[in-house]
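Structure first, commentary second.
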Amino acid sequence: MSTLTDRRFLVFCAISAFIGVPAAVWQFPNDGIMMLIVPIVILTILMFADGYATSA
0 MSTLTDRRFL VFCAISAFIG VPAAVWQFPN DGIMMLIVPI VILTILMFAD
50 GYATSA
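Read in order, the letters of the sequence shown are residues 0 to 55 in numbering that gives the first Met the number 0.
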């Protein structure tokens, strides 16, 4: 956890958890699988955007 990439990934995981879990509970209150998928989708979007921004 000393490299910048590891820290950036940890921050992306934290962002997706803090935004994705409440959003999933709000959107899909009784659907457990969607509560898992929404934070994963947010993490995927963050990782794609970061890769696109750093490669350009």
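Positions of the beta carbon are idealized from the N, C-alpha and C atoms, including for glycine.
Problem set entry | Selected residue, minimal CA-CA separation from Ile14, among Asp49, Gly50, Leu45, Ser54 | Within the sequence shown, numbered from 1, the residue matching residue 14 stands at position 15. Closest by alpha carbon: Leu45.
For this session: Buried or exposed for Leu42, please, with buried defined as at least 16 other CB atoms from any protein chain shown within 10 angstroms of its CB.
Result: For the purposes of this step, residue 42 is taken as the residue at position 43 of the sequence shown. When all chains shown are included, Leu42 counts as buried.
Problem set entry | Nearest-angstrom Cβ-Cβ length linking Phe22 and Val37, presumed shorter than 8 Å | Start at 1 with the first residue of the sequence shown, and residue 22 comes out as number 23. Start at 1 with the first residue of the sequence shown, and residue 37 comes out as number 38. First, the residue type needs correcting, since residue 22 is Ala and not Phe in the sequence shown. Confirmed, about 6 Å.
Exercise. Helix, strand or coil for Pro38 per DSSP?
Worked result: Residue mapping note: residue 38 aligns to position 39 of the sequence shown, counting from 1. Per DSSP, reduced to three states, the secondary structure at Pro38 is helical.
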